[in-house]
Amino acid sequence: MSIEPTSFESRGERCAATWYWPDGGGERWPCVVLANGFSGTRDWILPDFGARFAGAGIAALTFDYRHLGESGGAPRQIVDVGEQRADLRAALAHARRDARIDPRRVALWGTSLGGSHALDAAAGDPEVAALILNMPALDAVSGGNVEEKRKRVGVSRARTAAITLRLIGLALRDLARRARGADPLYLAVYGAPGEAFFTDPELAPRFRRVAEGSPTWQNRVAARFLLGAPRYRSGTFERVKAPILICLAEHDIEVSTDFIRAKAKGAASADVRTYPVGHFDLYHGDAFEKVVSDQVAFLRAHLKSA
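The numbering of the sequence shown is our numbering, which starts it at 2 and goes up by one.
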């Protein structure tokens, strides 16, 4: 396996990217393009998956969304659903243009918020050969686990309502700052209730590990994301032509697995698998080994030589 830096343009800005290549040569490789989740940079989570896919004979392309990591775009630390989906489509086009890649055998892989992006891209592109979704965050309202998160953090419903109103107010202030050309108003990605997007105390060790091992990741995102979080569009799964593998976490409190299963019933071909862990645990330890093995087998089955 070899690693190669690359880049592509998305709406006039450079997106930094990385190729993970299988050993050998003399053939055009199948490929999977990986889309990270909320605030994620390509040095978080993706290197482990990219290396395993390349080791299995499948090239992998990872990238930083604009405004994050090593990609262009100002101001920094903006997460915009529509713009990130444009970046993913640009990454897919970049992969297909590479002479070492068989454009008929390119799959998409997305995790959490990136899963929503990957599903949207596959629904609009019948040439996508396969689709992998890890705990996809399809709908911030109907597909969220608000009650479970409230219980985990240990706050009352009244306190939850007050926190929600505070966060919406901060998001509105951030939009007002954008309108007058001021710097964004940021929230922490992980922190205390009312100050961050993720607040589950059990996640503290995970985010410490991210901060230590992913130098381009930052623990802040502009608050405006709260007013533009994804909503599931009816019929999206039905428009996907590719076979789908959906990997869910049984103890996920960030997204509703019931919501995902219900929507996935409309897909032409969807294999839904559940693992006995939490939302962020699919990336680590024994759960990662099981998930990545299942995903390699799925990609090998559906990216055979055309």
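All C-beta atoms, glycine included, are put in the ideal place defined by N, C-alpha and C.
| request: Would you check if the stretch 68-88 and the stretch 48-55 touch, i.e. whether three or more CB-CB distances between them fall below 8 Å? | output: no
| Gly116 and Asn146 closer than 8 Å at C-beta | Annotated as distal: Gly116 and Asn146, with beta-carbon spacing of 8 Å or more.
| query | How about Leu246 and Gln296: are their beta carbons less than 8 Å apart? | reply | Going by C-beta atoms, Leu246 is nearer than 8 Å to Gln296.
| request: Can you say whether His252 is buried or exposed, counting buried as having 16 or more other CB atoms within 10 angstroms of its CB? | output: exposed
| field | Three-pair Cβ contact test at 8 Å for the stretch 193-202 versus the stretch 151-167 | value | yes
| query | Say the cut is 7 Å; is the CB of Ala57 nearer than that to a heavy atom of the ligand GDP? | reply | Because no ligand of any kind appears in the structure shown, any question about the ligand GDP cannot be addressed here.
| task | Report the residue from Ser40, Ala57, Ala17, Phe9 whose alpha carbon sits nearest the alpha carbon of Ser3. | result | Ala57
| field | Whole-angstrom distance between Ala189 and Leu300, CA atom to CA atom | value | Going by C-alpha positions, Leu300 is about 35 Å away from Ala189.
| Buried or exposed: where does Pro23 fall if 16 or more other Cβ atoms within 10 Å of its Cβ makes it buried? | buried
| In the stretch 120-205, which residue ranges form an unbroken alpha helix (DSSP H) of at least 4 residues, counting only runs that do not cross its ends? | Whole alpha helix (DSSP H) segments, 4+ residues: 147-154, 158-180.
| task | Look up Asp282 in the DSSP assignment and say whether it is helix, strand or coil. | result | Three-state DSSP puts Asp282 in a helix.
| said: To test your reading of the DSSP string, which unbroken beta strand (DSSP E) runs of 3 or more residues are found completely within the stretch 237-296? | reply: 245-250, 271-276
| Using DSSP with H/G/I as helix, E/B as strand and the rest coil, what is Pro104? | strand
| Inter-stretch contact (C-beta, 8 Å, three-pair minimum) for the stretch 256-274 and the stretch 19-38 | no
| If Val129 sits next to Ala243, beta carbons under 8 Å apart, how far is it from one beta carbon to the other, in whole angstroms? | 5 Å
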